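Asker: Dumping the structure here so I can ask a few things about it.
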Amino acid sequence: MIEVRSVTKRYGRTVVVDDVELTLPAGGLVSIIGPNGAGKSTLLSIVARLLPADAGSVLVDGHDVASTPGDVLARRLAVLRQENHLTVRLTVRDLVAFGRYPHSRGRLTTTDEAHVDAALEHLGLTDLAGRFLDQLSGGQRQRAHVAMVLAQDTEYVLLDEPLNNLDMKHARQMMRMMRRAADELGRTVVVVLHDINFAAAYSDRVVAMRDGAVVVQGTPAQIMTPEALHAVYDMDIAVHDVAGAPLAAYYV
Amino acid sequence: MTTAPPLATQDVAPAQTPARAPRAGRRRLWLTATCVLLAVLAVLSTFVGVSDVRLGSLLADEGTARDVLLLSRLPRTAAILLAGSTMAVTGVVIQMLVRNRFVEPSTIGTTESAGLGLLVVTLLAPGMALPGKLAVAAVAALAGTLLFLGVLRSVPVRSVVTVPLLGLMLSGVIGAVSTFIAYRADLLQTLSSWMTGDFSGIVAGRYELLWAVAVLTLVVYVTADRFTVVGMGRDVATGLGLSYRTVMALGLGIVSVASAIVVVVVGALPFLGLVVPNVVSLLAGDNLRRSLPWVALLGAGLVLVCDVVGRVVRYPYEVPIGVVMGVVGAAAFLYLLLRRSTDVG
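Going line by line, the protein sequences match chains A and B. Mind the numbering: the first sequence is residues 1 to 252 in the working numbering, read in order. Mind the numbering: the second sequence is residues 1 to 345 in the working numbering, read in order.
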């Protein structure tokens, strides 16, 4: 369980995350949605202890992220930031293998190798394992980073806009892969998304933020109403029922 | 004995899947071959010089050739190998810490600061023993490197090219301060002996300090994975449970101390830490556990070749290796910078 307790973050005078209270039970796929500047990425970074909160605390399975030793947390929680351009030249396999660092400290055991192989397989990267990252397309690179985070073999997996740079096909593949990570591998996947239809179609739970606060949260059905979406995006969005699933027509 | 003892099996199979074993094997073969080549080059280099040292004279005469070999040639070759591999390794470490390919100790002010520190201690406490002077140089090198990082942090726009340019400017400023002080104090020659690498003064008893850098290089190798992870950035390092600050401090400490020792014993070897890691990165990538042996070997090899060139090109006089390296390195640096920036642009 991830518990966010009265977390506040300011940049100068601007309050980016405003006294947020949030409880995410273990298991399943949780999407965090909201307009630009809503504080989604900042909140995710605070949960992943990449940013310190100005006030409040975050507990992951009861461990306060601000005070728990980094390596202990690294075996419970993995995170992928939005911008993950690397200046180091690594092969896909090397990158994914570094996901095992919290467990192996760089000396890979047979178990570590098995996790690396499984993560590569899960993301369909087995054939590209020997390639250098700079020889891959943006989408393949994105998948390699996700594979690294999966290889870390943590209960919680936090991903900040993993659909960035992905075309329709790969975006859907990525969402299906995350769904499988939750269903088959039993991970708790928390993901920041922009496309509310992807969020609705694949998530167990949606958390909607605006101006640094959680505005609405609940099941996709609860979020996908014109009223709720208006509260989040300040737009009139019609929601249609397409083959039994809600689809927001926000294009026109 | 029907079964192998468990320890032995552990040694033989370092947890690698069979499919990957041939690649690792081939890599090891190449590495061994390069080692042998470097060793042969090193042995041959001991026969190059003004004084006549040949296999025949070594066996026949009463000891002059042997003295030259033991007191001058062997120490010189050892110093070359140690300094060369260390400066290449410090280059790759600082590149990981700064996350930029185009920096190395002599282009971000580390080396210049060590020189300035030495100059100041020579002026203020000329009688200080070598370890004391060295400590001052190391602290100055660290301060210079931190100054560079501080300047970097305060600059809003960070592009691949502005980082090394800032470093070169900072080096230039520190170098100018040193030159000014040295000029006033009539120490220009002394300063130039630190700022221009030269192995001609290396004799037994005057280079042994360099073995300390071999230890530092070994420490880098043992902690290689940490530097690779830090090279992936603060967020990745934190996410993997690594203390970014600790690794940063370790790396900066090693780079500063190693640079200071090399400056004191040999003098600056410009561009070495830049050219070698970039070439290795193109060939073998940046997973330091795998690439560091190559960086060390090629660094040693390049300095060895440049030194022999310096000894031969104006025979019987010598061109200081710093000059040869400066020419070779500057050309290679420009090439890499232009090639990369067109890639990015």
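Ideal placement from N, C-alpha and C gives every residue a C-beta, glycine not left out. None of the values given here were measured: they were computed from a predicted structure.
(1) So, is the C-beta of A:Leu73 closer than 8 Å to a C-beta in chain B?
(2) For the stretch 234–252 of chain B, which residues have a beta carbon sitting closer than 7 Å to at least one beta carbon of chain D?
(3) State the beta-bridge partners of A:Tyr11 as determined by DSSP.
(4) Suppose only complete runs of 4+ residues qualify. What are the alpha helix (DSSP H) ranges in the stretch 127–207 of chain B, listed by chain order?
(5) Tell me A:Leu247's beta-bridge partners as DSSP assigns them.
(6) I believe B:Phe271 touches B:Gly326 by the beta-carbon criterion, under 8 Å. Please report the beta-carbon distance rounded to the nearest angstrom.
(7) Buried or exposed, going by whether 16 or more other CB atoms sit within 10 Å of the CB of B:Arg26?
(8) Less than 8 Å separating the beta-carbons of B:Thr190 and B:Pro320?
(9) Tell me the DSSP secondary structure of A:Thr188 in three-state form.
(10) Looking only at its own chain, which residues have a Cβ that is under 6 Å from the Cβ of B:Trp307, when we skip the five neighbours before and after it?
(11) Quick one: which chain A residues come within Cβ less than 8 Å of B:Val229?
(12) Is the Cβ-Cβ distance between A:Phe98 and B:Gly285 less than 8 Å?
(13) So, helix, strand or coil for A:Gln217, using DSSP?
(14) Determine whether the Cβ of B:Gly115 lies closer than 8 Å to any Cβ atom of chain A.
(15) Looking only at DSSP bridge pairs, what is A:Gly28 linked to?
(16) Quick check: is the beta carbon of A:Arg187 nearer than 8 Å to any beta carbon in chain B?
(17) Could you give the residue range of the beta strand (DSSP E) that holds B:Ala268?
(18) So, with DSSP's three-state summary, where would you put A:Arg196?
(19) For a contact defined as C-beta to C-beta under 7 Å, what are the partners of B:Asn287 on chain A?
(20) When DSSP builds the beta bridges, which residues end up paired with A:Ile33?
(21) So, with DSSP's three-state summary, where would you put A:Phe132?
(22) When the cut-off is 8 Å and only beta carbons count, does A:Arg81 lie next to chain B?
(23) Spell out the partners DSSP gives A:Tyr156 in its beta bridges.
(24) Can you give me the C-alpha to C-alpha distance between A:Gly106 and A:Ala147, rounded to a whole angstrom?
(25) Should B:Glu112 go down as buried or exposed, given a rule of 16 or more other Cβ atoms within 10 Å for buried?
(26) By DSSP's criteria, A:Glu3 is part of a beta bridge. Which residues make up the other side?
(27) Using C-beta distances below 8 Å, list every residue in its chain close to A:Leu123, excluding the 5 sequence neighbours before and after it, in chain order.
(28) Looking at the C-beta of A:Leu59, does it have a partner C-beta in chain B at a distance below 8 Å?
(29) Applying the criterion that 16 or more other CB atoms from any shown protein chain within 10 Å of the CB defines a buried residue, is B:Trp30 buried or exposed?
(30) Between which two residues does the alpha helix (DSSP H) carrying B:Thr90 extend?
(31) Are the beta-carbon atoms belonging to A:Glu113 and A:Leu59 less than 8 Å from one another?
(32) Identify every residue that forms a DSSP beta bridge with A:Thr91.
(33) So A:Gly70 contacts chain B; which residues on that side make the cut at Cβ distance below 7 Å?
(34) Just verifying my parser: in three-state terms, what is the DSSP assignment at A:Asp54?
(35) Find out if the Cβ-Cβ distance for the pair A:Thr87, B:Asn278 is shorter than 8 Å.
(36) Helix or strand or just coil, what does DSSP make of A:Asp64?
Answerer: Let me lay it out:
(1) yes
(2) Checking the listed chains, one finds no chain D in this structure; the protein chains it contains are A and B.
(3) A:Thr14
(4) 130–154, 162–184 and 188–195
(5) A:His240
(6) 7 Å
(7) Its Cβ having fewer than 16 others within 10 Å, B:Arg26 is exposed.
(8) For B:Thr190 and B:Pro320, no; Cβs fall outside 8 Å.
(9) Correct three-state label for A:Thr188: strand.
(10) Note on identity: in this sequence residue 307 of chain B is Asp, with Trp being the wrong assignment. Excluding positions up to five away in sequence, the list reads Ile80, Phe199 and Ile321.
(11) Phe98 and Tyr101
(12) no
(13) strand
(14) Judged by the 8 Å Cβ criterion, B:Gly115 is not in contact with chain A.
(15) In the DSSP output, where bridge partners are listed per residue, A:Gly28 has A:Thr188.
(16) no
(17) Neither: B:Ala268 is in no beta strand (DSSP E) and is coded neither H nor E.
(18) Going by the sequence as given, residue 196 of chain A is Ile instead of Arg. In this structure, A:Ile196 counts as helix in the three-state DSSP scheme.
(19) By Cβ distance, chain A contributes Leu90 and Asp94.
(20) A:Ala208
(21) strand
(22) yes
(23) According to DSSP, which records beta bridges pairwise, A:Tyr156 is partnered with A:Leu77 and A:Thr188.
(24) 17 Å
(25) With 16 or more other Cβ atoms within 10 Å, it is buried.
(26) A:Thr23 and A:Leu59
(27) So the qualifying residues of the chain are Arg143, Ala144, Val146, Ala147, Leu150 and Met177.
(28) no
(29) It is exposed - the Cβ of B:Trp30 has fewer than 16 other Cβ atoms within 10 Å.
(30) Segment Leu74 to Val98, the alpha helix (DSSP H) holding B:Thr90.
(31) no
(32) A:Phe132
(33) Thr238, Gly241, Leu242 and Ser243
(34) A:Asp54 falls in the coil class under three-state DSSP.
(35) no
(36) Three-state result, A:Asp64: strand.
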